[in-house]
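For the sequence shown, the numbering used here assigns the number 27 to the initial residue and increments by one for each residue that follows.
Ideal placement from N, C-alpha and C gives every residue a C-beta, glycine not left out.
Quantities reported herein were computed from a predicted structural model and do not represent experimental measurements.
The structure appears below as structure tokens.
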Amino acid sequence: MRHFTSVYDLPSLEVALNEAFLVKNNPFGFQHLGKNKTMVLMFFNSSLRTRLSTQKAAQNLGMNAIVLDVNQGAWKLETERGVIMDGDKPEHLLEAVPVIGSYADIIGVRSFASFESKEADYNEVVLNQFIKYAGVPIVSMEAATRHPLQSFADLVTIEEYKKVKRPKVVLTWAPHPRALPQAVPNSFVEWMRAADYDLVVTHPEGYELAPEFMGDLKPEYDQMKAFEGADFIYAKNWASYSDYGKILSKDMNWTVSTRQMDITNEAKFMHCLPVRRNMIVTDDVIESPNSIVIPEAANRVVSAQAVLKMILESL
Ligand code: AN0
Ligand code: CP
């Protein structure tokens, strides 16, 4: 594997899961792979989990990890080619990317959807410039349309907690005060479909995800109906795709509470975090024994380490 930007970069889901459980059981067993190798982690946006877990994963594999917060201390970067750079951005990605590539053996990039242009976001303009000009493998640490390290950790977590071979997994939209990208839900749908779980996606009308992710899967607009008999509830807010970047609803009836959880099959509650309590999910649900948000976040080290191991092995 060279780059990691989606589920399609994996050799197979089965191989990836085997690698994940291998590094989970033996985190320090592969340090020879990363000796004298450097990973640069570039953040255009904030992060707690991705920043810590990816550094830890790199260090577990014997790599050096360098973190760069682009908007705090580095030059602000222009991403669009052809613009006259007379604004607030003194450097272009076209120089910055190969420079970073000359210092790094692997680069991790976090760059959210800007919501300025649906076309630029869905063409992954920033991530693709890294792939094109860095000369080294690129790992998405959440790009405009996908968050594959998160979805991989979610998959590992579901495999650990599931009681039946093909669990019912429900992705539910929930309200949030600010417009959030579709990267997490897009990616979650992509990975859950690849795993062939019984996936149900529920959200208010107007929040349909892009057809390239949903395929032939149709949303269930009745949240209570979606929750019936579910084994896993995965909550997430996202802004509209069709009315791009807009908030169409803040309906608190969609907040995950015991009212909905009580009709599930004692479902486990999941969220990628950070989560706004009593907007996305009530205190009692996220604090209940069925909430697995902390082991889910802990598996971010596992997914990152499995990905970095596969990339290091093919350098
Ligand atoms: C981001 C998002 O929704 O994509 C990151 C989630 C991992 N969340 C926020 O910005 C709150
Ligand atoms: N889940 C996740 O990616 O969290 P951070 O934004 O804190 O990295």
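| Check | Outcome |
| --- | --- |
| Three-state secondary structure (DSSP) of Ser317 | strand |
| For Phe156, the first and last residue of its enclosing alpha helix (DSSP H) | Val151 to Tyr159 |
| Cα-Cα separation between Thr105 and Val151, rounded to whole angstroms | 8 angstroms |
| Check: Gln176 C-beta below 7 angstroms from any heavy atom of ligand 2 | yes |
| At least 3 beta-carbon pairs within less than 8 angstroms: the segment 186 to 196 vs the segment 253 to 260 | yes |
| Residues near Glu45 by beta carbon distance below 7 angstroms, same chain, minus five either side | Ala332, Lys335 and Met336 |
| Complete runs of the beta strand (DSSP E) confined to the segment 47 to 88 [at least 3 residues] | 64 to 69 |
| Distance between beta carbons of Val66 and Ile133, contact taken as under 8 angstroms | 5 angstroms |
| Identity of the residues DSSP links to Trp199 by a beta bridge | Lys262 |
| Beta-carbon spacing of Val182, Ser317 below 8 angstroms | no |
| Delimiting residues of the alpha helix (DSSP H) encompassing Asp112 | Run containing Asp112: none; DSSP gives neither H nor E here. |
| Thr228 (DSSP reduced to helix, strand or coil) | strand |
| Whole-angstrom distance between Arg326 and Val33, CA atom to CA atom | 15 angstroms |
| Euclidean distance between Cα positions of Ile184 and Tyr159 | 36 angstroms |
| Three-state secondary structure assigned by DSSP to Asp309 | helix |
| Closest residue to Ser268 among Thr281, Gly232 and Ser137 (Cα-Cα distance) | Gly232 |
| Check: Arg302 C-beta below 7 angstroms from any heavy atom of ligand 2 | no |
| Distance cut-off 7 angstroms: Ser313 Cβ against heavy atoms of ligand 1 | Per the sequence shown, the amino acid found at residue 313 is Glu instead of Ser. No, Cβ of Glu313 sits at least 7 angstroms from all heavy atoms of ligand 1. |
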